[in-house]
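Working notes for the structure below.
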Ligand code: MF3
Ligand code: CO
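Residue numbers (our numbering): 845 to 1092.
Following this line, the structure appears as C-alpha cells:
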C-alpha cells in the first residue's frame, strides 16, 4: 500500500531526515585514513541518539550495526568492524534514523585522500545521477520515468546500474511501497502523487553491475571487484516537484 503523508507526518519526516543529514556532516571530518569502521559506527550511533532519534538500521531484519558502511567494491549493507579506512578508498555511509516513528534515509559516498580516476569518475556521475532521477519527481510522472533517466545517464557515462537493489517508499516503515528501481521504461509504473515520500538511490558501478553477497549474509559486493558508489536522498512529492527531506 502506498500512503500519502499528511503535513504533520511530513514535518516529522523532515526532522528525521535532517537528523540523517546532520549525522553525515558530523561524521565527515572523521573519515580519514586509520579510523576503523567500528569507530565511525559508534560515533553515528551516539550522535543519532543524542538528537532524540534511533538508528533505524540497528537490528533491522537482524542487521548488527547502526549504519551501513561499505568500502570500494562493497555496494551496500557493509557491517562495521576493526577494518581501517585507507588513502584511496571510497566509503559509503548509508544512514537511517527514526524520529517519533518516522524514518529518514540517505546514503553518500566519500573519497578518502587521493582516489584514482576510475573512482572519481564513478563518484562524480553517481552523485549527478541522483539529481537526474530527482528531476523526474513531480505529480503525474511515473516511477519508470525516474529509473529510465538514471539508467540512461549511467549508460552515457559508462557506469553499471545495480538491478538487485532499489529505492523505496519510506515513512513509518523504512521500506514501503513503491519500489523505485534505477532502471525502467518511461510512462510506466506507479504514478507519483503529492504527499508520497520516496528514497531515490542510484547504486552505480565502474565495472560489471552484477553482485555477490559475502559470507556475513549482508555485504553486497560487485562480482568483478570494481568499485561502486551510492547517493541517496529521501524526498516528498510536492505540488510542482519535490522537496529533499534529508537536507538542511
Ligand atoms: N538504507 C538501507 C536500504 O535502503 C537500509 C539498510 S537496512 C539494514 O537498504 F538493515 F541494512 F541496515
Ligand atoms: Co534506502
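We put the beta carbon where it would ideally sit given N, CA and C, even for glycine. None of the values given here were measured: they were computed from a predicted structure.
Would you give the residue range spanned by the beta strand (DSSP E) that residue i belongs to?
i: residue 1087; result: 1086 to 1088
i: residue 950; result: 946 to 955
i: residue 901; result: Per DSSP, residue 901 belongs to no beta strand (DSSP E) and is neither H nor E.
i: residue 1056; result: 1055 to 1057
Taking the alpha-carbon positions, what's the residue i to residue j distance?
i: residue 817; j: residue 1027; result: Missing from the structure shown is residue 817; the chain here goes from 845 to 1092 and no further.
i: residue 1031; j: residue 1037; result: 14 Å
i: residue 1090; j: residue 950; result: 6 Å
i: residue 855; j: residue 1084; result: 18 Å
i: residue 933; j: residue 1064; result: 17 Å
i: residue 824; j: residue 1046; result: The requested residue 824 does not occur in the structure, where the chain is confined to residues 845 to 1092.
i: residue 906; j: residue 886; result: 18 Å
i: residue 965; j: residue 925; result: 28 Å
i: residue 963; j: residue 917; result: 10 Å
i: residue 977; j: residue 1072; result: 18 Å
i: residue 847; j: residue 1088; result: 18 Å
Grab me the residues of residue i's own chain with a C-beta within less than 6 Å of its C-beta, minus the 5 sequence neighbours each way, in chain order.
i: residue 971; result: 1075
i: residue 1068; result: 1051 and 1052
i: residue 898; result: 942
i: residue 1062; result: 921 and 923
With a threshold of 16 other CB atoms inside 10 Å of the CB of residue i, please say whether the residue is buried or exposed.
i: residue 986; result: buried
i: residue 1003; result: buried
i: residue 945; result: exposed
Given residue i, which residues of its chain have a CB within under 7 Å of its CB, disregarding the five upstream and five downstream residues?
i: residue 975; result: none
i: residue 912; result: 901, 920, 921, 922 and 938
i: residue 1082; result: 1038
Counting along the chain, where does the alpha helix (DSSP H) carrying residue i start and finish?
i: residue 967; result: 961 to 978
i: residue 941; result: First-last for residue 941: 934 to 943, but that is the beta strand (DSSP E), not the alpha helix (DSSP H).
i: residue 888; result: 881 to 894
i: residue 860; result: 851 to 871
Using a C-beta cutoff of 9 Å, does residue i count as contacting chain D?
i: residue 898; result: Going by chain labels, chain D is absent from the structure shown, which holds only one protein chain.
Quiz prompt | Within the region 980 to 1050, ranges of the beta strand (DSSP E) (whole runs, at least 3 residues) | solution = Whole beta strand (DSSP E) segments, 3+ residues: 1011 to 1013, 1020 to 1024, 1041 to 1044 and 1047 to 1049.
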